[in-house]
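**Q** Have a look at the structure that comes next, please.
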């Protein structure tokens with residue numbers, strides 16, 4: 005069976021569409037995602053995968069094409085024009101790609117997540133070292149991102165206000181006056197999201213980068229002949245080293261204890277990043293446990309009508325899986 009028609013390809017295309025389109029769509033997500041030009045991250049990651057595949061005996065033409073795409077991404081316009089935001093995006097993209105290549109060369113045969121987390125660790129350390137060695141480095145980065153989030157929020161608010169000024173919406177407001185207050189509340193919410201997102205830029209960039217690397221890994225193995233390592237497993241089997249619970253514990257300690265007040269933002273970023281990993285792990289456990297028809301239906305209903313409750317449940321299940329290992333217990337019980 006051709007790789008493009010292999011099982012799971014449609015899921016990869018859906019994930020690709022969401023990753024490339026939604027971050028730049030006028031919505032609350034645009035005021036929260038640090039890098040809306042996600043295709044740049046993906047192109048750089050694909051270039052590295054293709055170069056590694058060429059190194060392992062894969063096709064040269066794919067590597068050349070991917071590297072040219074990565075080069076174009078490194079030169080492509082970002083944001084409203086030349087400026088600090090563009091430099092930050094391109095700088096991080098190149099650093100991430102180089103770190104993933106290095107991690108892959110140093111850990112051949114390892115699973116994707118180990119390579120990706122290693123690459124994020126290397127890139128984060130280097131980026132932090134460069135930032136603190138620059139005068140006003142951290143405040144400058146925050147200022148750049150705050151300006152960028154404000155610009156995007158203003159554009160989204162303008163789109164919403166334009167829609168609210170349309171005759172169709174005005175007729176709807178006449179029938180239901182509460183819609184007018186909803187628009188004003190939406191604008192306030194967008195500005196609050198933008199302000200809070202500035203504090204969690206490192207964690208959100210890391211999560212974006214992890215998604216870009218994962219998509220590049222999947223797409224490369226669909227179209228290339230040389231494997232780089234084990235393929236990504238199903239969501240219901242997603243797990244990682246239990247020692248990562250210390251990332252969550254350290255983040256909570258720094259964020260909640262008054263003695264670490266000066267580093268509270270660092271604790272918040274650790275909580276966001278590792279919390280997202282454990283939330284996804286919880287989603288994997290829930291997907292594994294809800295294989296029955298009614299349980300799966302309940303999960304879908306919660307996704308639509310109670311996403312926050314489902315997120316809290318998934319996070320709790322993911323963290324608890326560190327000690328309970330729900331899936332192994334279910335398999336053991338099922339074979340008795």
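Numbering (this note's numbering), first residue to last: 5 to 340. Glycine residues also receive a C-beta, built at the ideal position from the N, C-alpha and C atoms.
#1: On the three-state DSSP scale, how would you describe residue 190?
#2: Apply the 10 Å Cβ neighbour rule to residue 258 and answer buried if 16 or more other Cβ atoms are within range, or exposed otherwise.
#3: What's the call for residue 3, buried or exposed, on a 16-neighbour Cβ count within 10 Å?
#4: Measuring straight from C-alpha to C-alpha, what distance separates residue 3 and residue 38?
#5: Can you give me the C-alpha to C-alpha distance between residue 214 and residue 178, rounded to a whole angstrom?
#6: Quick one: grab the DSSP three-state call for residue 262.
#7: Measure from the alpha carbon of residue 189 to the alpha carbon of each residue in 161, 146, 280, then state which is nearest.
#8: Measure the beta-carbon distance from residue 232 to residue 35 and round it to whole angstroms, keeping in mind my assumption that it falls under 8 Å.
#9: Taking buried to mean at least 16 other C-beta atoms within 10 Å of its own C-beta, is residue 252 buried or exposed?
#10: Give the straight-line distance between the Cα atoms of residue 287 and residue 250, rounded to the nearest whole angstrom.
#11: When you compare the CB positions of residue 285 and residue 325, do they come within less than 8 Å of one another, or not?
#12: How far does the alpha helix (DSSP H) with residue 143 in it extend, from its first residue to its last?
#13: If we call anything under 8 Å between Cβ atoms a contact, is residue 77 one with residue 44?
#14: Considering only the alpha carbon of each residue, which of 321, 113, 159, 289 lies closest to residue 235?
**A** Looking at the atomic coordinates:
#1: Look at residue 190 here: in three-state DSSP terms it is helix.
#2: Burial call: buried.
#3: The first residue shown for the chain is 5 and the last is 340, placing residue 3 beyond what the model contains.
#4: Residue 3 is absent from the structure shown; the chain starts at 5 and stops at 340.
#5: 46 Å
#6: helix
#7: 161
#8: That belief does not hold up - the Cβ atoms of residue 232 and residue 35 are roughly 35 Å apart, past 8 Å.
#9: buried
#10: 20 Å
#11: yes
#12: That run of the alpha helix (DSSP H) goes 141–168.
#13: yes
#14: 113
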